[in-house]
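Q: Those protein sequence lines, which keep their order, are chains W and E.
Under the working numbering, the first residue of the first sequence carries the number 1, and numbering increases by one thereafter.
Under the working numbering, the first residue of the second sequence carries the number 152, and numbering increases by one thereafter.
The beta-carbon is built from N, C-alpha and C at its ideal position, and this holds for glycine as well.
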Amino acid sequence: MSVPNNAVILQAAYEDLLRRSLSKVPGDLARVIYLASTRDYNTGTYHHEGLAARFRSEVAAKALEAAHREIFYRIAACSLEELVHELEIYLNSSRQAREDVLHIWQKLEPYRLALPMDVNVAVARLFVSNLRLALAILQRQARLQAGRSGA
Amino acid sequence: MMALSSLIVGVVLLLLLLAVAVKGSLALRETPELAGSDESGQEACPPEFVSKIFSHDDWSYVRGMKSTGLEKLFRKERKSVALVWVRQTSSGIRRIMREHAAAARQSSNLEPPTELKIFLQFAALLMTCGAMRAGIHVAGPLWVGGLARFAQNLVQQVAEAERAFELATREHEMDAMSSL
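(1) Looking at valine 32/W: is its Cβ nearer than 9 Å to the Cβ of isoleucine 75/W?
(2) State buried or exposed for tyrosine 41/W, treating a residue as buried only when at least 16 other CB atoms are found within 10 Å of its CB.
(3) To the nearest angstrom, how far is it from the Cα of serine 211/E to the Cα of alanine 114/W?
(4) Shorter than 9 Å from the beta carbon of methionine 216/E to some beta carbon of chain W?
(5) By a C-beta neighbour count over all protein chains shown, 10 Å radius and 16 as the cutoff for buried, is alanine 186/E buried or exposed?
(6) Quick check on DSSP: helix, strand or coil for arginine 95/W?
(7) Answer with yes or no whether the minimum CB distance from serine 149/W to chain E is below 9 Å.
(8) Compare the C-beta of arginine 39/W against all C-beta atoms of chain E and say whether one is closer than 9 Å.
(9) What residues in the stretch 71-84 of chain W bring their beta carbon closer than 8 Å to a beta carbon of chain E?
(10) Check this for me: beta carbons of isoleucine 104/W and alanine 30/W, under 9 Å apart or not?
(11) Under 9 Å, Cβ to Cβ, is there at least one residue of chain W near glycine 297/E?
(12) Leaving out five residues before and five after aspartate 189/E in sequence, what residues of the same chain have Cβ atoms less than 8 Å from its Cβ?
(13) In three-state DSSP terms, what is tyrosine 46/W?
(14) State the start and end residues of the unbroken alpha helix (DSSP H) segment that holds serine 21/W.
(15) Does the distance from the C-beta atom of alanine 77/W to that of alanine 13/W stay below 9 Å?
(16) Please give the ranges of any alpha helix (DSSP H) in the stretch 218-292 of chain E, keeping only runs that are unbroken, at least 4 residues long and fully inside the region.
(17) Going by C-alpha to C-alpha distance, which of Thr240/E, Gln272/E and Ala253/E sits closest to valine 201/E?
(18) Answer yes or no: does any C-beta atom of chain W fall closer than 9 Å to that of cysteine 196/E?
(19) Give, in chain order, every residue of the stretch 106-137 of chain W whose Cβ lies closer than 7 Å to some Cβ of chain E.
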């Protein structure tokens, strides 16, 4: 009987993560935020209870990091229009009031914590910059809508 | 008379370029997230992002909204991203130059025409980066997309040539060692 090598185990963990956890998260932006939240602020290591129980904790961490990086690059390559759509999906799936999330995201820019480690600085800057623009676009749309319904 | 007017035009252009360069360096200083970023050990910028940074598509989308505020924000944001990319590219070129100089110092079979060609490529790249920086400040990043793609291709060519040079130097040294 052959023992599966590390790459095969990592691939299995990655697919398990996509199937069980990430498929339930709506949109790539929400997935990036979710994956960043599995990373320890102090050590930078990723942790997922269920994935670590099915695979080893180091394998789970590597699968989480790979998924984070891949989805981040995918969303950073989106056009501004697509990113506005992604942000709308995220806001609609959030339990908090849309205006509150928009306000807090513009003030605190929490999405900066969603950047994977050692990502290219120009790509990171483009992602942050496009999110700022997407937030401003949605804020403006909300204002226009409020103006129309108030009139 | 002609010579004097050419001289005046030359001096004015030089002063303009100097002003743009000073403005650029001040803009980077005002943005700590850019000035303080450590670029060692990070991934290279994928080519598709270079086209994206300098593309007109997002600008057309923003213009369609007919909001001066959004247009202003877009220009400011994209300009700062483009300047980060130019800075990253020039520091990448300087790193390749340093590595090449170190490899050339150890090489015993330097070919002057090849070295001259490499030097000219480095000089062209650094001048392109300078022109892009000035272009981004004066006209905005959307107008220097062609230069950015040219620089990106040339950087890749120079990096590949540098890797080939290092390999050849190492092989030559191994041959020399084994023949002793």
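A: Let me spell this out:
(1) Numbered from its first residue, the first sequence carries residue 32/W at position 32. Numbered from its first residue, the first sequence carries residue 75/W at position 75. Yes. Within cutoff.
(2) Numbered from its first residue, the first sequence carries residue 41/W at position 41. Counting Cβ neighbours within 10 Å, tyrosine 41/W comes out exposed, since fewer than 16 surround it.
(3) Along the second sequence, one-based indexing puts residue 211/E at 60. Along the first sequence, one-based indexing puts residue 114/W at 114. In a straight line, the C-alpha of serine 211/E is about 28 Å away from that of alanine 114/W.
(4) Position 65 of the second sequence holds residue 216/E. Yes, its Cβ sits closer than 9 Å to a Cβ of chain W.
(5) As a working note, residue 186/E is residue 35 in the second sequence. Residue placement at alanine 186/E is flagged as unreliable, the pLDDT there being 40, under the threshold of 50; the coordinate-derived value follows with that caveat. Exposed: under 16 other Cβ atoms inside 10 Å.
(6) One-based indexing of the first sequence puts residue 95/W at position 95. DSSP places arginine 95/W in coil when its eight states are reduced to three.
(7) Along the first sequence, read from residue 1 onward, the residue named residue 149/W stands at position 149. It does not: the Cβ of serine 149/W has no partner Cβ on chain E nearer than 9 Å.
(8) As a first step, residue 39/W is located in the first sequence; it is residue number 39 there, counting from the start. It does not; no Cβ of chain E falls within 9 Å.
(9) Result list: Tyr73, Ala76, Ala77, Ser79, Leu80 and Glu81.
(10) Here residue 104/W refers to the residue found at position 104 of the first sequence. Here residue 30/W refers to the residue found at position 30 of the first sequence. The answer is no: Cβ separation not under 9 Å.
(11) The count along the second sequence starts at 1 and reaches residue 297/E at position 146. False, the Cβ-Cβ gap to chain W never drops below 9 Å.
(12) For the purposes of this step, residue 189/E is taken as the residue at position 38 of the second sequence. Only weak support is given to the placement of aspartate 189/E: the predicted model assigns it a pLDDT of 44, under 50, and the question is left unresolved by the model.
(13) The residue given as residue 46/W occupies position 46 in the first sequence. Strand.
(14) Position 21 of the first sequence, counting from 1, holds the residue named residue 21/W. Per DSSP, serine 21/W lies in no alpha helix (DSSP H) segment and is marked neither H nor E.
(15) Counting from one through the first sequence, the residue named residue 77/W turns up at place 77. Counting from one through the first sequence, the residue named residue 13/W turns up at place 13. Not in contact: alanine 77/W and alanine 13/W (Cβ atoms no closer than 9 Å).
(16) 219-257 and 263-289
(17) The residue you call residue 201/E lines up with position 50 of the second sequence. Taking only the C-alpha atoms, the option nearest valine 201/E is Thr240/E.
(18) Along the second sequence, read from residue 1 onward, the residue named residue 196/E stands at position 45. Judged by the 9 Å Cβ criterion, cysteine 196/E is in contact with chain W.
(19) Those residues of the stretch 106-137 of chain W placed with their C-beta closer than 7 Å to a C-beta in chain E are Asp118, Val119, Asn120, Val121, Ala122, Val123, Arg125, Leu126, Ser129, Arg132, Leu133, Ala136 and Ile137, ordered along the chain.
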